[in-house]
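Shown next, in structure tokens, is the structure this report addresses.
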Amino acid sequence: MAIYYQEENRIFQLHTKRSTYLIGMTPEGYVGHIYYGERLFQRADHYLLRMGEIPFTPSVNKREKLSFLDSFPMEYPTGGIGDFRESCLNVKNEKGQMGSELFYVSHRIYEGKEKLADLPASFGNGEEVQTLEIVLEDGILNLQAVLSYSVFEKEDVIARSVRIVNRGKETLRLEKVFSACLDMDNEAFEMINLCGSWARERHIQRGAVRYGKQAVSSLRGESGHQEHPFMALVTPGTDQQQGKVYAMHFVYSGNFLAQVEMNQFDSVRMVMGINPEQFDWVLSPGEDFQAPEVILTYSGEGLGRMSRNFHDFYRSHMIRSIYNHKKRPILINNWEATYFKFDHEKLLEIAREAKKCGIEMLVMDDGWFGKRNTDDNSLGDWVVNEEKLKGGLKKLVDQVNEIGLEFGIWFEPEMVSPDSDLYRAHPDWALQIDKREGTMGRNQYVLDLSRADVVDYVYESVAKILRSANIRYVKWDMNRFLTDLGSARLDAAHHGELFHRYVLGVYELQERLVREFPELLLENCASGGGRFDPGMLYYSPQIWCSDDTDAIERLMIQEGTGLIYPLAAMGAHVSDCPNHIVGRITPFETRGYVALAGTFGYELDITKLPDEQREMICEQTKMYHKYNDLVREGDYYRIASYRENHKFDAWAVASKDKREVLMTYVQVLAEPNKRSRKIYLQGFDKEALYLLEGTKQVYSGEMLMYAGFLIEPMEGDFVSRPYHFVKKESDDR
Ligand code: GLA
Numbered sequence: 001m002a003i004y005y006q007e008e009n010r011i012f013q014l015h016t017k018r019s020t021y022l023i024g025m026t027p028e029g030y031v032g033h034i035y036y037g038e039r040l041f042q043r044a045d046h047y048l049l050r051m052g053e054i055p056f057t058p059s060v061n062k063r064e065k066l067s068f069l070d071s072f073p074m075e076y077p078t079g080g081i082g083d084f085r086e087s088c089l090n091v092k093n094e095k096g097q098m099g100s101e102l103f104y105v106s107h108r109i110y111e112g113k114e115k116l117a118d119l120p121a122s123f124g125n126g127e128e129v130q131t132l133e134i135v136l137e138d139g140i141l142n143l144q145a146v147l148s149y150s151v152f153e154k155e156d157v158i159a160r161s162v163r164i165v166n167r168g169k170e171t172l173r174l175e176k177v178f179s180a181c182l183d184m185d186n187e188a189f190e191m192i193n194l195c196g197s198w199a200r201e202r203h204i205q206r207g208a209v210r211y212g213k214q215a216v217s218s219l220r221g222e223s224g225h226q227e228h229p230f231m232a233l234v235t236p237g238t239d240q241q242q243g244k245v246y247a248m249h250f251v252y253s254g255n256f257l258a259q260v261e262m263n264q265f266d267s268v269r270m271v272m273g274i275n276p277e278q279f280d281w282v283l284s285p286g287e288d289f290q291a292p293e294v295i296l297t298y299s300g301e302g303l304g305r306m307s308r309n310f311h312d313f314y315r316s317h318m319i320r321s322i323y324n325h326k327k328r329p330i331l332i333n334n335w336e337a338t339y340f341k342f343d344h345e346k347l348l349e350i351a352r353e354a355k356k357c358g359i360e361m362l363v364m365d366d367g368w369f370g371k372r373n374t375d376d377n378s379l380g381d382w383v384v385n386e387e388k389l390k391g392g393l394k395k396l397v398d399q400v401n402e403i404g405l406e407f408g409i410w411f412e413p414e415m416v417s418p419d420s421d422l423y424r425a426h427p428d429w430a431l432q433i434d435k436r437e438g439t440m441g442r443n444q445y446v447l448d449l450s451r452a453d454v455v456d457y458v459y460e461s462v463a464k465i466l467r468s469a470n471i472r473y474v475k476w477d478m479n480r481f482l483t484d485l486g487s488a489r490l491d492a493a494h495h496g497e498l499f500h501r502y503v504l505g506v507y508e509l510q511e512r513l514v515r516e517f518p519e520l521l522l523e524n525c526a527s528g529g530g531r532f533d534p535g536m537l538y539y540s541p542q543i544w545c546s547d548d549t550d551a552i553e554r555l556m557i558q559e560g561t562g563l564i565y566p567l568a569a570m571g572a573h574v575s576d577c578p579n580h581i582v583g584r585i586t587p588f589e590t591r592g593y594v595a596l597a598g599t600f601g602y603e604l605d606i607t608k609l610p611d612e613q614r615e616m617i618c619e620q621t622k623m624y625h626k627y628n629d630l631v632r633e634g635d636y637y638r639i640a641s642y643r644e645n646h647k648f649d650a651w652a653v654a655s656k657d658k659r660e661v662l663m664t665y666v667q668v669l670a671e672p673n674k675r676s677r678k679i680y681l682q683g684f685d686k687e688a689l690y691l692l693e694g695t696k697q698v699y700s701g702e703m704l705m706y707a708g709f710l711i712e713p714m715e716g717d718f719v720s721r722p723y724h725f726v727k728k729e730s731d732d733r
């Protein structure tokens with residue numbers, strides 16, 4: 001049993017395979033955090049709540065309640081009453097007075113996990129997950145907070161969320177509803193987060209936690225390229241194999257805040273939730289508000305274990321697509337090949353050449369609809385441009401299918417161009433503030449997806465195209481941030497709901513899409529990797545990582561992404577050189593090996609490639625088929641980081657049964673007069689022997705991991721090599 005309630009001292013024990021989470025209670029019913037960390041097996045105690053130490057416990061000494069509230073390790077802190085650290089819940093009553101206080105009322109423990117209304121969330125059956133719901137109540141406001149903890153034993157994950165219920169007669173205003181909080185004593189923590197920009201998304205950053213607050217956040221209406229809804233606290237010296245890691249990841253695709261705060265008593269509060277800035281929500285009597293889910297994991301074995309916990313968890317309990325455990329078709333996308341300049345014939349030419357090299361799908365990117373030959377028009381007019389695609393879409397798709405390729409298509413459904421029939425007919429469908437000229441981003445406005453009529457229109461225009469031909473894949477793009485937060489439909493009282501309602505609109509659209517087209521392979525995208533988050537994974541098994549397809553830039557992007565996401569979720573393609581973003585020239589092989597660590601595909605004009613590169617594509621597509629099961633389903637190990645050493649990069653994927661390990665090594669910069677480089681591998685069975693494929697060399701797993709492996713010197717910059725180790729069965733030793 002993963003969850004156990006210790007009646008005699010009112011402690012909730014939540015156990016995963018390798019971790020334990022303890023929740024306790026004071027005599028008054030304040031619910032506090034006792035412990036999170038290594039798995040415990042014996043009776044739990046609540047001395048860590050320090051109730052005796054603080055002589056101010058309100059039932060004993062009301063006089064100093066303030067001191068109690070400002071130091072007690074709260075499981076779900078509220079604002080306005082006396083806890084001056086970051087609160088998780090700020091509520092105003094009808095008079096505009098802010099303050100709430102929550103006390104334990106009841107709890108229930110059940111097998112499985114219920115769905116979260118209108119939101120993406122993890123799932124699992126009664127054998128995989130058990131859920132604890134603790135109901136807290138503010139008797140003055142008649143408000144309840146239902147704290148939910150779903151314990152996934154095998155993956156060492158606790159999924160947390162909160163539902164706020166207005167059970168009174170007053171209309172309440174929620175100004176902040178976070179989803180999770182972790183109050184811990186400081187252990188000289190360092191914070192790890194992911195940051196970047198367009199074309200350099202999700203680079204890893206690490207630094208000491210100091211007094212005060214450090215936050216990562218988004219106010220862009222999407223999770224963003226710049227910061228990521230992820231935060232980990234680690235003890236000093238934590239590396240891939242050792243150290244304590246406490247990590248939170250937010251299942252949400254809009255504005256977020258993740259924050260760590262160290263206070264006067266050296267306690268650390270880590271919180272995560274919807275960004276409270278520009279958020280408020282009217283909660284009328286009888287209504288409830290569901291806050292999105294936070295995925296929480298603890299690793300006592302460094303960052304590698306954390307990554308593998310997240311990977312296993314997302315593969316088993318977040319991604320719903322039928323493609324989750326399947327090879328995805330190797331695709332060729334025409335964006336970097338042609339940009340807007342293509343027609344029916346050009347696409348067929350690409351398809352014919354692609355087929356010869358083992359590519360399995362053609363994806364037609366931006367530019368096929370309305371009169372779109374540049375990026376300043378036609379978004380919203382999802383009607384095929386028959387000047388480009390003579391004879392229409394179905395004809396093209398059928399011909400591509402005849403060549404032997406599947407067909408995929410690009411949409412940017414959430415947007416409208418000022419120069420479009422849609423905008424001319426419905427200018428009020430765009431987000432806008434009265435009398436104010438809208439701020440354009442990539443020449444476009446954002447549709448008001450808080451409106452049901454707009455959601456319906458958008459859905460039908462996408463679905464109509466998908467129903468019209470044999471389309472097997474959709475790239476769902478989103479190429480600007482949200483501004484001008486005005487909706488023609490929301491009144492003044494509800495305008496603070498717009499950002500969140502927008503995200504709910506996106507989720508509704510994608511939910512409808514995956515329901516009507518369950519066999520569609522959906523890839524989310526937002527100017528590259530601007531909306532790469534677990535919320536999107538619930539709808540699409542893969543997300544385009546970055547518009548930067550340069551193999552060397554991708555090392556850092558994919559290292560940061562792979563820190564949390566399974567490799568098969570990372571959209572990665574081989575593109576042309578000089579690279580269109582950085583102008584770098586890298587060997588075709590290296591571009592292939594780096595893309596093979598993701599979904600794999602091409603983004604180039606194959607009709608213009610020299611023969612030897614086309615031959616390499618044939619080799620690479622074979623490699624994809626050889627290795628994809630391993631890459632998609634295996635355990636990921638980060639061996640070396642170019643970001644840290646500025647010279648080389650290496651990662652490995654081991655099959656769950658450790659029968660094979662594929663290690664990829666990239667020498668970024670050549671160095672003169674060096675001996676072979678020793679690196680320490682991971683992921684092997686230490687009692688087994690392995691043959692390095694392509695050689696006669698046999699290694700023991702323990703030597704590769706503990707004594708090291710030698711990388712023979714390579715010549716040149718940006719060169720790389722895969723090393724495939726296959727376990728020798730005992731009788732062929
Ligand atoms: C975004 C995407 C690209 C491409 C273009 C098309 O930038 O990230 O891959 O689809 O839009 O306009």
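Just so it is clear: in the sequence shown, position 645 is 645 by the working numbering, and no numbers are missing.
Beta carbons are placed, not taken as given, at the ideal position from N, Cα and C, and that holds for glycine.
Quick check: does the Cβ of residue i come within less than 7 Å of any heavy atom belonging to the ligand GLA?
i, result
"N479", "yes"
"C545", "no"
"D376", "no"
"G528", "yes"
"W335", "yes"
"D365", "yes"
"W410", "yes"
"C577", "no"
"C88", "no"
"C357", "no"
"C181", "no"
"C195", "no"
"C618", "no"
Roughly how far, in whole angstroms, is the beta-carbon of residue i from the beta-carbon of residue j, given that I think they are within contact range, below 8 Å?
i, j, result
"A287", "L116", "At residue 287 the sequence reads Glu, which differs from the Ala that was named. Actually they do not touch by this definition, with Cβ atoms about 16 Å apart."
"D649", "L555", "5 Å"
"G304", "Q241", "6 Å"
"M248", "M270", "7 Å"
"Y507", "P120", "6 Å"
"E603", "N333", "5 Å"
"D685", "G701", "5 Å"
"L662", "L630", "6 Å"
"I403", "M364", "Incorrect: roughly 14 Å between the Cβ atoms, too far for contact."
Do you know offhand how far residue i's Cα is from residue j's?
i, j, result
"K647", "R210", "31 Å"
"Q613", "F588", "7 Å"
"K169", "D453", "31 Å"
"R173", "G212", "28 Å"
"I433", "R489", "12 Å"
"T607", "T586", "20 Å"
"E619", "I359", "11 Å"
"Q640", "S676", "The sequence given here places Ala at residue 640; Gln does not occur at that position. Cα to Cα, A640 sits roughly 15 Å from S676."
"A492", "S87", "26 Å"
"D477", "A526", "5 Å"
"I295", "R202", "18 Å"
"Y110", "L498", "34 Å"
"Y445", "N255", "18 Å"
"S378", "G438", "17 Å"
Let me know the secondary structure DSSP gives residue i once reduced to three states.
i, result
"P578", "coil"
"F84", "coil"
"Y539", "coil"
"N324", "coil"
"G32", "strand"
"M556", "helix"
"L347", "helix"
"M478", "coil"
Closer than 8 Å, CB to CB, is residue i near chain B or not?
i, result
"G571", "Among the chains in the structure shown there is no chain B, since it carries only a single protein chain."
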